[in-house]
Each structure stands twice: as C-alpha cells, then as structure tokens.
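**Q** This is the structure I have questions about; it appears just below.
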Amino acid sequence: MSTPSQAQVRRSVAQAQTMVVKVGSSSLTRPSGHLDAAKLEALVASVAANVLSGARIVLVSSGAIAAGFGPLGFAERPRDVATQQAAASVGQGLLMARYETAFARYGIRVGQILITAEDTIRAAQYRNARRTLERLLDLGVVPIVNENDALASNEIRFGDNDRLSALVANIVRADALVLLTDVDALYTAPPGRPDARRIGYVPDVIAALRDVTVGGSTSGVGTGGMVTKLEAARIAAVSGVPVVLTSAANAGPAMMGDPVGTVFAPVHDRGSSRRLWIGFAAEPRGTIVVDDGAARAVRGGRASLLAAGALEARGEFSAGDPVWVDAEDGTHLARGLSGYDSEEIPQMLGRNTDQLRRFLGEAYAHPLIHRDNLVLV
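Just so we're aligned: the sequence shown equals residues 1 to 377 in this note's numbering.
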C-alpha cells in the first residue's frame, strides 16, 4: 500500500466509526495516587461527544491499582505483586463507579471487560472477547476494558495496557486507536531537553522504533513508558489501524483529527485477526531454527517453511501451537503455527518433500509451517 499523508491519516481518525481509546493511570490520578475526578470527567466528556455523534468507542482504561492503593492507606504505589493485586481488587470497583456516574450524565451505559493475557493467547477466548465486545457496541454501550490485575500471574503483562489496547483495536476491527498519556507527543529526544522536537507524523513506526530516542513516563503511578506506546502503535499500524499518541488533555482534538500529538500511519492494509493473533497475541511455545536459505525465504514473505531448511526444533509443542522461527544467530524472523508436534520434527530436518514422502509417508510431506500461518516480526 502507498503511504498516506499526515492529513489523510488524521482525516481517517476523525471519520472512524469504531475507535479504541486508551488512557493510562497517570492521566487519571493525582500525584498522591487518588483518582482525579476532574481528569476522568474531562476524558468522559470527550468520549461521550464522539459516541453521541454516532461513533462506537471502546475505552481501555488503566487505573485500578492507582485508584486502590490510596484508599488502602498507601502513600505510593506498592511494589510487591500481592499488594498491587489487592489494590486492583479495591480500585477496579471505584474506577468503574466513577465511569458509570460520569457517562450516565450523557445517557450512556458502560460495561466492564477484564482481560488477562490468556484471553489473547488462546484463540477460543480471543473469539469470545470479540463476540462480547461487538455485542456491547451494537447495544450502544461503551465497553471499559482493563487487564484483570487482581488475578493475573504477572500484572505488568501488557505495559500499562498499551499492548492490550492495540490487540483490542484488532479484536473489534477498529478504524483508529488513540493512545492518551502524560506526554503530549513523540519527540526526537526526551521532552525536557532543549533540542527535543515534536514529531507530528510517523509514516513508518517500525523505523521509528529503531531510530527515535524516547523517554519513559514521568509518573510513578503507571507501568508504561513511551517504548510500550510505540510498540502498541506498531502492532496497530501493522494491522492497518492508524494511531494517535497524545496527552489526555488533548483527547477531544485527537479524536476529531486535529493536528495534536503524533499520528502514526498504517504500514499495511488491514490484516486478518488470525494473522495478528499469530504475530502479536499468541505466546510461542517453542522455536524452529532455520538455515540461511530458509531465513531468506521467510524474510521474502511468501514462502512456507519447509523441513529442508530447518536445523533444529527447541521446546515442547504440539501441531497448531505458535512457535518462533529463528535464524542461526538467534534473531527472531517470524512467528507461525507449527504443522507438527515437536517430537515429530527431528526426523524431518533437512529433508526435501520427496524424501519426506518416500521415507516417512505422505503425512510428513507438508511444510513445517504453511505460509498462511506465518507472520513476519
């Protein structure tokens, strides 16, 4: 696809029928850690204006832990996971109560969706999440999504919900993703430096991840720095979704397509949810190491991974499980769904299709990973 102009990308955001808006903890709380009612209500006003204009919006909201540790008597965010999860248990109810009251002023209902990494890793749960979110949107409800911090085995799993918001954007087939943070844009250097320049438009977020120096969040409340937001922008852009990154104070203008923050162009046409799940959501269960020839073929983007170019299978996995495809030097080339169990692959290594058919039978004369199940990373 040709690269759109900044004006075209911002216009597509303004015209989005389905949008995911993500807000971080630091954008909803005071320095003390308590919820800031004025910040939350300002965000709700911006979201409600778009909903009342006909847009379907999913709000991915951090803040459960930040909302809970103040009422529990902590002066700052607790560091141990058990106390963080306890704070999330208390804070999630407080957070939702505030959202419910704020949206009710506009005649809008909200619904709570708590997601763990398992819900994006396992295909069946991924489909269930889609059905629930789509039905809520069809009913005119604003789904409010958060990671299930109280039950997750490692609650800092999604980087303050940045990565989760990009996956949710794909789940609901969103037309745009708006990432709201405590920094107003992406800069060429940490914003406090005199030589830092705001970047208004990023046509290729993959190159940006390589070349741009970024600073972390200035807050001690959340878990996500600028790098996790760039990663979220990459996931969304690779799946065909334009992204705006800006401060929560700019939420309304960002959703209207005004020239605020940083806008990221989609770098591919919209891909299938299945391919995005393989590439970004599914947790690889093992690794297939390939030789230089197979690595070149995989990088070309159109070839299946054949046993002839495979050197080793690492880990234990079953047919249909996601696996890494690595070069000999350990570089990740792709993710894919293995066509065979890990215990079957050693006998196949280095053999071409005719040899596999002759010595092992027709059942083994297929690619280790079919190109339709292979996603470059």
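Even glycine gets a Cβ: it sits at the ideal position worked out from N, Cα and C.
Kindly provide the ranges of any beta strand (DSSP E) runs that are 3 or more residues long and lie completely inside the segment 87-135, ordered along the chain.
**A** If we require 3 residues or more, the beta strand (DSSP E) runs fully inside the segment 87-135 come out as 110-115.
**Q** Going residue by residue through the segment 252-329, where are the continuous alpha helix (DSSP H) segments of at least 4 residues, counting only ones entirely within it?
**A** Runs found: 273-276, 292-300.
**Q** Looking at the structure shown, is residue 239 part of a helix, part of a strand, or coil, going by DSSP?
**A** DSSP places residue 239 in coil when its eight states are reduced to three.
**Q** Can you look up residue 340 in the DSSP assignment and give me helix, strand or coil?
**A** If DSSP states are grouped into helix, strand and coil, residue 340 belongs with coil.
**Q** Under 8 Å: do the segment 157-176 and the segment 60-78 share three or more Cβ pairs, one atom per stretch?
**A** In short, these stretches touch, since the Cβ pair count reaches three.
**Q** Buried or exposed, going by whether 16 or more other CB atoms sit within 10 Å of the CB of residue 318?
**A** The residue in question, residue 318, is exposed, as its Cβ has fewer than 16 Cβ neighbours within 10 Å.
**Q** Could I get the ranges of all uninterrupted alpha helix (DSSP H) runs contained in the segment 48-90, with 4 residues as the minimum, in chain order?
**A** Complete alpha helix (DSSP H) runs here, min 4: 64-69.
**Q** Would you kindly work out how many angstroms separate the C-alpha atoms of residue 256 and residue 112, rounded to a whole number?
**A** Whole-angstrom Cα-Cα distance: 25 Å.
**Q** Considering only the beta carbon of each residue, do residue 237 and residue 260 sit closer than 9 Å?
**A** Cβ atoms of residue 237 and residue 260: not closer than 9 Å.
**Q** Excluding five sequence neighbours on each side, which residues of the same chain lie with their C-beta closer than 8 Å to the C-beta of residue 195?
**A** Hits under 8 Å: 188, 189.
**Q** Run the CB neighbour count on residue 331, radius 10 Å, all protein chains shown included, and call it buried at 16 or more, exposed below.
**A** Exposed: under 16 other Cβ atoms inside 10 Å.
**Q** Please report the straight-line C-alpha distance between residue 83 and residue 181, rounded to a whole angstrom.
**A** Roughly 25 Å between the two C-alpha positions.
**Q** Using three-state DSSP, classify residue 226 as helix, strand or coil.
**A** Three-state result, residue 226: helix.
**Q** Considering just the uninterrupted stretch of the alpha helix (DSSP H) at residue 379, what are its terminal residues?
**A** Look at the range of the chain in this structure, 1 to 377, and you will see that residue 379 is not part of it.
**Q** Please return the same chain residues whose Cβ sits closer than 7 Å to the Cβ of residue 215, not counting the five positions on each side in sequence.
**A** For residue 215, the pLDDT reaches just 42, beneath the cut-off of 50, and the residue's location in the model is therefore unreliable, leaving the point undetermined.
**Q** Can you list, in chain order, the residues of its chain whose CB lies under 8 Å from that of residue 349, leaving out five sequence neighbours each side?
**A** Once the five neighbours on either side are set aside, the close Cβ partners of residue 349 are 307, 310, 311, 312, 313.
**Q** With C-beta atoms as the reference, is residue 176 less than 9 Å away from residue 12?
**A** For residue 176 and residue 12, yes; Cβs fall inside 9 Å.
**Q** Counting pairs of Cβ atoms below 8 Å between the segment 8-23 and the segment 68-78, do you hit three or more?
**A** Because the criterion of three Cβ pairs below 8 Å is not met, the segment 8-23 and the segment 68-78 do not touch.
**Q** Please go through the same chain and pick out, in chain order, the residues whose beta-carbon is closer than 8 Å to the beta-carbon of residue 68, but skip the five residues on each side of it.
**A** Same-chain partners within the cutoff: 86, 87, 88, 89, 90, 91, 92, 94.
**Q** Which residue spans inside the segment 346-377 form an unbroken beta strand (DSSP E) run of at least 3?
**A** As far as the segment 346-377 is concerned, its whole beta strand (DSSP E) runs of at least 3 residues are 374-376.
**Q** How long is the line joining the alpha carbons of residue 200 and residue 248, rounded to whole angstroms?
**A** Cα-Cα distance, rounded: 16 Å.
**Q** Please return the same chain residues whose Cβ sits closer than 6 Å to the Cβ of residue 345, not counting the five positions on each side in sequence.
**A** Answer for residue 345: 313, listed in chain order.
**Q** Specify, as a first and last residue, the run of the beta strand (DSSP E) that residue 176 falls within.
**A** Element bounds for residue 176: 176-181.
**Q** Which whole-angstrom value describes the C-beta separation of residue 108 and residue 142, a residue pair presumed to lie in contact below a C-beta threshold of 8 Å?
**A** Right, their Cβ atoms sit about 6 Å apart.
**Q** If contacts are defined as beta-carbon pairs under 8 Å, then residue 263 and residue 10 qualify, I think. What distance do you get, rounded to the angstrom?
**A** Contact holds; Cβ gap of about 6 Å.
**Q** DSSP three-state call for residue 20: helix, strand or coil?
**A** It is a strand residue.
**Q** Roughly how many angstroms lie between the CA atoms of residue 297 and residue 186, to the nearest whole one?
**A** Each residue's Cα considered, the two are about 35 Å apart.
**Q** What residues in its chain sit with their C-beta under 6 Å from that of residue 294, if we drop five residues either side in the sequence?
**A** If we look at residue 294 and ignore the five residues flanking it on each side, its Cβ neighbours are 309.
**Q** Would residue 139 be called buried (16 or more neighbouring beta carbons within 10 Å of its own) or exposed?
**A** Exposed is the call here.
**Q** Does DSSP classify residue 247 as helix, strand or coil?
**A** Three-state DSSP puts residue 247 in a strand.
**Q** For residue 371, which residues of its own chain have a beta-carbon under 7 Å away from its beta-carbon, when the five flanking residues on both sides are left out?
**A** 302, 303, 304.
**Q** Specify, as a first and last residue, the run of the beta strand (DSSP E) that residue 145 falls within.
**A** Per DSSP, residue 145 belongs to the beta strand (DSSP E) from 142-147.
**Q** What separation, rounded to the nearest whole angstrom, lies between the Cα atoms of residue 163 and residue 229?
**A** Whole-angstrom Cα-Cα distance: 7 Å.
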